[in-house]
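Using this note's numbering, the letters of the sequence shown correspond one by one to residues 18 to 79. C-beta: ideal position from N, C-alpha, C; glycine also.
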Amino acid sequence: MVYVDGIYLARNVVVLIACTDTHVLGWYVARAETSRAWAALIGKIPPPDMAVTDGGSGARDK
């Protein structure tokens, strides 16, 4: 299982993170949580069997 979330460092800087219970699998710095930014992060890691999000709108196109 992979957990994905975004942490805003400033109004227009977010760090997108993919991790398991024990390891960070990858991270990506973006200006906003967009589907393009999430695709850039997810494209760096092996496809997970399941991904868990917070249910926010960040992974959808705005």
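Shortest alpha-carbon distance to residue 42 belongs to which of 30, 56, 20 and 51?
20
Give the range of the beta strand (DSSP E) segment to which residue 56 is assigned.
Unbroken run through residue 56 is the alpha helix (DSSP H), 52-59; no beta strand (DSSP E).
What's the gap between the Cα of residue 38 and the Cα of residue 56?
21 Å
Would DSSP call residue 24 helix, strand or coil?
strand
Helix, strand or coil: how does DSSP classify residue 47 here?
strand
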